[in-house]
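So the numbering used here is basically just the index in the sequence shown, starting at one, shifted up by 16.
Structure first, then comments.
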Amino acid sequence: MTTDTIETIGQSTIQHGKVNDRIYLMSLDPRDRDTLPKQLLELAQKQGYSKIFAKLPAIARAPFTKVGFTVEATIPDFYQDKGDALFMSRFLNDQRSQSATAAQNNDVLEACRSRQKGGKQHALPDGYTLRPCKESDVDVMAAVYDTVFPTYPFPIQDSSYLLDTMQSHVAYFGVWDDNGKLVALSSAEMERKSVSAEMTDFATLPDARGKALATVLLDAMENAMPDYGIKTAYTIARAPSFGMNITFARMGYTFGGQLINNTNIAGGFEDMNVWYKQL
């Protein structure tokens, strides 16, 4: 499967490529704050990308605003010493900036409001087990991700990628059924400098759906995060999806904003909702 490229500009980390037809500023180094916005715009224009998407501290906002970036979502008090996190975007064509699912997105958010911080607690089905994934699990993990996702922003269907990230900054969690088969996965992608974790990569095999395994996984990850020193959890969920958005709303997450046509997940661009929670 083709994925976009991760590389550095200056001291900052970006991902870019034709799969998502965008540049994603994953980590901004303060030394690049004044020069990077223009460099990103020049790269996007050179490659013909239709969106630039950046996660950055609020104190770095001005240089990005100057070249046409606008705020799509916010997480308050994300950076312990630098305040809020902003998700800022610059669209390079009008079509990319227009949601194709605005009505459904609104329906999802309305459903989330009526269910926020409520609903019954869920437990694992009898015979199922949940635990952190180990290095010896990466091959079966990759197979689950390959089954669930035709396309994905990062190469999680590659066992070597899973191993590398597991060894560096990602805690993966899995659910095994009563036959010992791995049927559901999730991950907490941790960033030490902001003491935050993105709760992501939720995947459940088709024959194991309807058992609220994503909710159980999310609860387990939250309970594990204090041991890593993590203080803020967040996610970027598919905006038209009732299931995952309601899962985070029920678990006490707050809506932080919507990223329009942000991510290619199943062969087309989808709007994404940002949810956050202080742990």
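In this text, a Cβ means the ideal position worked out from N, Cα and C, and glycines have one as well.
- In this structure, DSSP gives Leu-44 a state outside helix and strand, which the three-state scheme calls coil.
- Closest option to Arg-131, judged by alpha-carbon separation, among Asn-261, Val-290 and Asp-287: Asn-261.
- Put simply, of Phe-271, Asp-155, Pro-92 and Asp-180 the residue whose alpha carbon is nearest the alpha carbon of Ala-101 is Pro-92.
- Pro-46 sits exposed, since fewer than 16 C-beta atoms from the chains shown fall within 10 Å of its C-beta.
- For Thr-220 and Thr-86, the gap between their C-alpha atoms comes out near 35 Å.
- The C-beta of Pro-169 has 16 or more other C-beta atoms within 10 Å across all chains shown, which makes the residue buried.
- If you ignore the 5 residues before and after Ala-89, its C-beta comes within less than 7 Å of the C-beta of Phe-103, Gly-272, Gly-273, Gln-274, Leu-275 and Val-290, all in its own chain and listed in chain order.
- Within its own chain, the residues whose Cβ lies closer than 7 Å to the Cβ of Asn-109, once the five positions on either side in sequence are excluded, are Ser-66, listed in chain order.
- Secondary structure note for Thr-251: it is in no alpha helix (DSSP H), and the uninterrupted beta strand (DSSP E) holding it is 248-254.
- The Cβ atoms of Phe-107 and Ser-210 lie no closer than 7 Å to each other.
- Leaving aside the five residues that flank Trp-192 on each side, the residues in its chain whose CB is nearer than 6 Å to its CB run, in chain order, Thr-145 and Leu-198.
- Approximately 22 Å separates the beta-carbon atoms of Ala-282 and Thr-181; this is outside 8 Å, ruling out the contact.
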